[in-house]
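Residue numbers 2 to 181, in my numbering, belong to the letters of the sequence shown in order.
We put the beta carbon where it would ideally sit given N, CA and C, even for glycine.
These notes are about the structure you will find just below.
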Amino acid sequence: MQMLIVYHSDYGNTEKMAHSIAAGAKAANTHIKIQLKQAEHTTLADLIDADVLVFGSPVHMGSMAWQMKQLIDRAAKLWKPQELAGKLGGVFVSGGGFGNAGGGVELTMMSLHSHFLQQGMLVAGFPMDAIGYADGGLQWGAYARSANAQGMPTDISEKSLAAARSYGAHLCHLGIKLNK
Ligand SMILES: Cc1cc2nc3c(=O)[nH]c(=O)nc-3n(C[C@H](O)[C@H](O)[C@H](O)COP(=O)(O)O)c2cc1C
Numbered sequence: 002m003q004m005l006i007v008y009h010s011d012y013g014n015t016e017k018m019a020h021s022i023a024a025g026a027k028a029a030n031t032h033i034k035i036q037l038k039q040a041e042h043t044t045l046a047d048l049i050d051a052d053v054l055v056f057g058s059p060v061h062m063g064s065m066a067w068q069m070k071q072l073i074d075r076a077a078k079l080w081k082p083q084e085l086a087g088k089l090g091g092v093f094v095s096g097g098g099f100g101n102a103g104g105g106v107e108l109t110m111m112s113l114h115s116h117f118l119q120q121g122m123l124v125a126g127f128p129m130d131a132i133g134y135a136d137g138g139l140q141w142g143a144y145a146r147s148a149n150a151q152g153m154p155t156d157i158s159e160k161s162l163a164a165a166r167s168y169g170a171h172l173c174h175l176g177i178k179l180n181k
């Protein structure tokens, strides 16, 4: 079973989540192959080779970073031949912004899901009884905040990274089940 974690990160927050997801998946099963790639360095062959695709983005103006969208548009070539159909997809997002919620985390997650569904893939959310859900889980995937309520940058919390590890383990278990 191969898991490919693709992300964009300008300031390292989403990248930390990507590494935590990889660590959680690896801890769940040491035999799976895990690759981490930045969106701009991800080829269509990388997508085809993976069984589980995990896409991560910071929220940019209420939506995904353009680097992720560019990959998604490049992957449109895989739609007609249904090269990604039946694979499992998961998502993770970091956001900042003002207030305690920022704005656009869920929209970003759901637009990543929309891409997976368009490609005929299956989508894995984050079950509410999974470890860490309360600290870094939304039904749609793993999230972290990198700003306080005044919008000032902060480190994303250890608890949200623990939630990302838990989500990685969840995706690993589901991926193995699907690929038996
Ligand atoms: C151009 C730009 C637009 C942003 N827009 C939003 C936004 O709409 N909502 C939000 O919650 N955070 C927004 N942010 C904050 C980032 O999502 C947040 O800092 C994120 O954790 C950065 O991830 P990174 O460290 O992986 O680059 C924006 C940041 C940038 C640079």
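A residue is called buried once 16 or more other Cβ atoms fall within 10 Å of its Cβ, and residue 34, having fewer, is exposed.
Beta-bridge annotation (DSSP): residue 144 is paired with 94. Between the segment 20-34 and the segment 70-78 there are fewer than three C-beta pairs closer than 8 Å, too few to call the two in contact. Of the heavy atoms belonging to ligand 1, at least one sits nearer than 7 Å to the Cβ of residue 98. The way I'd put it, the segment 58-66 does touch the segment 3-21; three or more beta-carbon pairs between them come closer than 8 Å. When C-alpha distances from residue 45 are compared across 148, 78 and 169, the shortest belongs to 78. For residue 56, the enclosing beta strand (DSSP E) covers residues 53-61. Secondary structure within the segment 80-136: the beta strand (DSSP E) runs of 3 or more consecutive residues, fully enclosed, are 89-96 (chain order).
Around the Cβ of residue 17, a 10 Å sphere holds 16 or more other Cβ atoms; the residue is buried.
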